[in-house]
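Q: Residue numbers (our numbering), protein chains in the order written: chain A, 7 to 119; chain B, 2 to 114.
(1) Give me the Cα-Cα distance between residue 20/A and residue 102/B, rounded to the nearest whole angstrom.
(2) Residues in its own chain within less than 6 Å of residue 104/B by CB, not counting five upstream and five downstream?
(3) Could you spell out where the beta strand (DSSP E) holding residue 58/A opens and where it closes?
(4) Can you tell me whether residue 54/B is helix, strand or coil according to DSSP?
(5) Bridge partners for residue 29/A per DSSP, in chain order?
(6) Using the Cα positions of residue 85/A and residue 25/A, report the straight-line distance between them to the nearest angstrom.
(7) For residue 15/B, which residues of its own chain have a beta-carbon under 6 Å away from its beta-carbon, when the five flanking residues on both sides are left out?
(8) With a cut-off of 7 Å, does the C-beta of residue 45/B fall near any C-beta of chain A?
(9) Under 7 Å between the Cβ atoms of residue 7/B and residue 108/B?
(10) How many Å lie between residue 110/A and residue 23/B at the Cα?
(11) Of all the residues that make up the region 61-73 of chain B, which are near chain A by a beta-carbon distance shorter than 7 Å?
Here it is, written out as structure tokens:
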């Protein structure tokens, strides 16, 4: 079965500092990978998704970028964080629709101060 | 295009009473429908899915959902609520031709003792 590892679990960063959040997947190959942001404990905003190495689709214009250097690795980055980048970031992978839809990581709580 | 709506931001139920969390969807083609639950500062956990077959789907923790094609709904139900069911619930939809699952805005379920 698929497992997603996300780290760190919590992060406090000053405004203007860089960001790197990492997500790795086990139990599958060539997965579709997704980064979501959740603000104020409510809805999920899809930020990026990737269907393969080096293939990134951006859903919304923003201060963040994503990269997929390896098949099962998905990285969310920023060169200079803004206060508005605070939120709960979730990585997900898509299984076959006949299974469980998406599998989510445990999330990273980012607070920009 | 596909979309999903959760019309209630919050649902309040007394422990032991039945609960319903509403979800309606719009897709072209056959829908794949999902319910997820999120506890504070955690990733989303799969509850149940509808792919095909019986309209009443049973899932984890005693939850069930009824697929109604004519009303394009997929309401989540439980016959007897527990305080531990208090959490944020997300409905999600995927059309057979799409590459991304679309999530609803979430419904906060609060069960009072």
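Virtual Cβ for every residue (Gly too), placed ideally from N, Cα, C.
Since the structure is predicted, the reported quantities are computational estimates derived from the model, not experimental observations.
A: This is what the structure holds:
(1) Here residue 20/A is taken as the residue at index 14 of the first chain, counted from 1. Here residue 102/B is taken as the residue at index 101 of the second chain, counted from 1. The C-alpha of residue 20/A lies about 33 Å from the C-alpha of residue 102/B.
(2) Counted from its first residue, the second chain places residue 104/B at position 103. So the list reads 91, 93, once near-sequence residues are dropped.
(3) Counted from its first residue, the first chain places residue 58/A at position 52. Residue 58/A -> beta strand (DSSP E) spans 50-58.
(4) Taking the first residue of the second chain as 1, we reach residue 54/B at position 53. DSSP places residue 54/B in coil when its eight states are reduced to three.
(5) Counting from one through the first chain, the residue named residue 29/A turns up at place 23. Beta-bridge pairing by DSSP links residue 29/A to 12/A, 80/A.
(6) What you label residue 85/A is simply residue 79 of the first chain in a count that begins at 1. What you label residue 25/A is simply residue 19 of the first chain in a count that begins at 1. Near 7 Å, if we compare the C-alpha coordinates of residue 25/A and residue 85/A.
(7) As a working note, residue 15/B is residue 14 in the second chain. Result list for residue 15/B: 113, in chain order.
(8) By one-based count along the second chain, residue 45/B stands at place 44. Yes, residue 45/B lies at the interface with chain A (some Cβ there is under 7 Å from its Cβ).
(9) Your numbering for residue 7/B matches position 6 in the second chain. Your numbering for residue 108/B matches position 107 in the second chain. Between residue 7/B and residue 108/B, the CB-CB gap stays under 7 Å.
(10) The residue you call residue 110/A lines up with position 104 of the first chain. The residue you call residue 23/B lines up with position 22 of the second chain. Using only the alpha carbons, I get a separation of about 23 Å.
(11) Here the close residues number zero.
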